[in-house]
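Let me begin by presenting the structure, written as structure tokens, before commenting on it.
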Amino acid sequence: MSLLSVLRAELAFGMTPLLDMASISVLEGERIGFIGRNGSGKSSLLAAMAGRLALDGGEVRRRDGLRVVLVEQEPALPLAASLRASLAARGGLRAADLEGDDWRSTARLQEFLQRFDLDGAIDPQQCSGGERKRAALALAFASQADILLLDEPTNHLDLDGIETLENLLIDEQRGQRAAIIITHDRRFLDRVATRIIELDRGALQSYPGNFAAYESRKALAMQSEALERRRFDRFWTQEEAWIRKGVEARRTRNEGRVRRLERLRAQREQRRERLGSVSMGVAPGERSGRMVAELEGVSKSFGVRAIVRDLSLRLMRGDRLALIGPNGAGKSTLLKLILGQIAPDAGTVRGGTRREIAFFDQQREALDPDKTLIETISPGSDWIEIGSSRKHVIAYLGEFLFPPRRTEAPVRTLSGGERNRLLLARLFARPANLLVLDEPTNDLDMETLELLEATLADYEGTLLLVSHDRRFLDNLATQCLVAEGNGLWKEYVGGYSDWLRQRAPPPRAEPTAAAEQDGEDGAGRQARPLAQRAAKLGFNERRELESLPGLIASLEQELAAMQERMARADYHRQGPEQIRSDRARSQQIEVLLEEKLRRWVELDARRPA
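If you use numbering that gives the first Met the number 0, the sequence shown corresponds to residues 0 to 608, in order.
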């Protein structure tokens, strides 16, 4: 059943329409991944759905009594004595209601605060960006909303927070509640989304399934669109040539053809072309020494809190090291230790020779809000040196999708995604053999994110990465340094998924007496190990378990063959359509492999010993 429909929506800011007769229906229980380029109008459409923004044309129809909750990119918390009271005010509740222990909504809010690892008694004005986002998400899930509208919910969340959000969306959304989620996190969409909707040139296109399924269908749709436009342009050119030949168009037998040409002209004039793509390339620096950094027995504490304890690490030229850990684990501190920017309390840090370092700061503190884009990229000059080539600064900014009229604008007028693109433009303009990227994927759209990945994959220097984007880490990292708690860090070979496979499983908790007394009800049952509470394998499940090893092996062989082919020196001579198709299939296989491995582990755990 449809909960909400947007019909023939029109919306424009300036000359370019964001929504051009766009329509969409949201059904019960759907989890819609909402994607599109930065600035295409996704947040505006969510605001219109929530009733916070009026459309220029069209309408939003809601089912009677429909309750909609919007979590913005940067949620604000009202002034209050505690986070709990602030959330009550944000949710339209009375502070007095929070004092009643028997009030169900209070208990539900407290439950979700705990699930997002938040203390309801803290001062809301002291909350970090990540804490504010988690608090707004906790309130949204505690509400009785029929539709959740989540705008970039994974921004500012660490990996644990993202997994919590994924599990809540999957578990809590079973039933009638729907969700629309704007995000650039592809792994998140692969796991959560039941449908992908793309906002492209003012129109909404719907694709069933998760992000991997969307990628396959999108490649075919783009090929079909390109073919149709070539046919249209060829026919239009022929008709224009005919009219220029001086044919007596006023004769009755030709009037229909003239009218058709006029319609073709109008149709072509209204056609909106796809925007250009960001063009990236890293300025190569001087080749660094073989050893980039070496840490021996390094420890660092702030007060009584150990950030790093007895860490030994060697970073070699060409390594791509990802730092993984929850917010507050000390990833930024560890980066500074590796780079020699701060001294350890104990142990030694040796830096390599001929290091040229370029740093991407997640807080964007390096940007002066009063400077123009030109002054930020090339102060005092109209030209910029990129490796051995020389480019005009306006042309270079154009490669990052900044039109000439925007290059004189101050930095403070840029959106989050535009600021990230500006930082990347400045980063890649500097010769560097060591790139340090601290959350570079925040606020980037899918297309720019994938191009950033491709650029970094071709980079011959050394990478230090901090990111919550798991697919980004899988595609780039050669090793992971993971926070294991109490200042301990452990190195694993490979990317994020490789770490998940290698890490030791958490110890199983022994059932307590209280849990045993719970019998088959309540939390006691939920805490029991899977093998204890799962039913025996049925006939179909036994057959599935027997078939999974062969299926997994087949998928692994296909993936290995595809990766080998894509690694060949002449692979990039193929057409862009084939390359996109191969990448989409490779990513689809990876998702299938993860699903089949997870299913095999689940069934194998239930198999009798």
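All residues carry an ideal CB built from backbone N, CA and C; glycine is no exception.
Looking at C-alpha atoms only, which residue of the options is the closest neighbour of residue i?
i	options	result
Gly32	Asn441, Leu480, Gly302 and Leu148	Leu148
Asn166	Leu156, Arg185, Arg190 and Ala47	Arg190
Glu601	Gly484, Gln573, Glu540 and His571	Glu540
Lys299	Glu543, Leu333 and Ala84	Leu333
Ile23	Leu426, Gly208, Arg411 and Leu45	Leu45
Glu110	Gln125, Cys126 and Leu136	Leu136
Arg304	Gly327, Arg567, Arg286 and Asp63	Gly327
Ser81	Asn474, Pro123, Glu576 and Arg389	Pro123
Pro430	Leu117, Glu197, Gly280 and Gln143	Gly280
Gly415	Arg389, Asp444 and Pro402	Asp444
Ile588	Glu452, Arg598, Gln556 and Ile578	Gln556
Leu544	Gln478, Arg598 and Trp498	Arg598
Gln72	Pro378, Asp63, Phe401 and Gly128	Gly128
Arg425	Tyr491, His183, Tyr395 and Leu108	Tyr395
Trp286	Gly28, Cys126, Gly460 and Ala49	The sequence shown places Arg at residue 286, not Trp. Selected option, being the one with the closest Cα: Gly460.
For residue i, collect the residues of the same chain with a Cβ closer than 6 Å to its Cβ; drop the 5 residues on either side in sequence, then sort them by chain order.
i	result
Leu158	His467
Arg185	Phe210 and Arg470
Arg313	Glu293
Tyr206	Ile195, Tyr213 and Arg216
Phe358	Val435
Glu374	none
Give the straight-line distance between the Cα atoms of residue i and residue j, rounded to the nearest whole angstrom.
i	j	result
Leu550	Lys595	8 Å
Tyr458	Val291	16 Å
Arg61	Leu203	19 Å
Ile34	Asp150	11 Å
Gly302	Pro548	51 Å
Gln562	Glu593	17 Å
Leu310	Lys489	8 Å
Pro343	Leu336	7 Å
Asp581	Arg564	10 Å
Phe427	Glu417	15 Å
Arg579	Ile376	32 Å
Ala526	Arg114	Note that Ala526 scores 33 on pLDDT, short of 50, meaning its location in the model is unreliable; the coordinates nonetheless yield the value given after this. When rounded, the distance between both Cα atoms is 15 Å.
Gly494	Gly317	15 Å
Arg405	Phe140	40 Å
Leu499	Arg233	53 Å
Ile146	Val67	5 Å
Ile179	Pro368	33 Å
Gly284	Thr477	21 Å
Ile306	Glu407	43 Å
Helix, strand or coil, according to DSSP, for residue i in the structure here?
i	result
Gln516	Note on Gln516: pLDDT 38, under 50, position unreliable in the model; the coordinate value appears next. DSSP places Gln516 in helix when its eight states are reduced to three.
Asp473	helix
Val281	coil
Lys132	helix
Asp199	strand
Leu396	helix
Glu601	helix
Arg484	Sequence inspection shows Gly at residue 484; the Arg mentioned does not correspond to that position. Of the three classes helix, strand and coil, the one that applies to Gly484 here is strand, per DSSP.
Ala95	With a pLDDT of 43 at Ala95, under the threshold of 50, the modelled position of that residue is not reliable, and no figure is offered here.
Tyr570	helix
Lys370	coil
Leu455	helix
Ile341	coil
Val410	helix
Thr193	coil
Going by beta-carbon coordinates alone, are residue i and residue j separated by less than 8 Å?
i	j	result
Leu480	Leu320	yes
Gly288	Arg353	yes
Gly486	Arg308	yes
Leu462	Leu436	yes
Asp55	Ala21	no
Val465	Glu438	yes
Ala8	Ala47	yes
Thr440	Leu448	yes
Leu372	Leu421	yes
Arg83	Ala106	no
Arg51	Leu76	no
Leu17	Ser43	yes
Arg30	Pro74	no
Ser629	Gly90	The first residue shown for the chain is 0 and the last is 608, placing residue 629 beyond what the model contains.
I want to check one thing, is the minimum distance from the CB of residue i to the heavy atoms of the ligand GDP below 7 Å?
i	result
Ala49	As far as ligands go, the structure on display features none, and thus does not contain the ligand GDP.
Please work out which residues of its chain come closer than 8 Å, Cβ to Cβ, to residue i, disregarding the five sequence neighbours upstream and downstream, and give them in chain order.
i	result
Leu26	Met0, Ser1, Leu2 and Ala177
Gly296	Asp309, Leu310, Ser311, Ala345, Gly346 and Thr347
Ser585	Leu558, Met561, Gln562 and Met565
Ala94	The predicted model places Ala94 with a pLDDT of 44, which falls under 50 and marks its position as unreliable, so this point remains unresolved.
With a CB to CB cut of under 7 Å and the five nearest residues on each side skipped, what residues in its chain are close to residue i?
i	result
Met315	Arg289, Met290 and Val291
Lys330	Leu322, Gly324 and Val465
Ser39	Leu17 and Leu198
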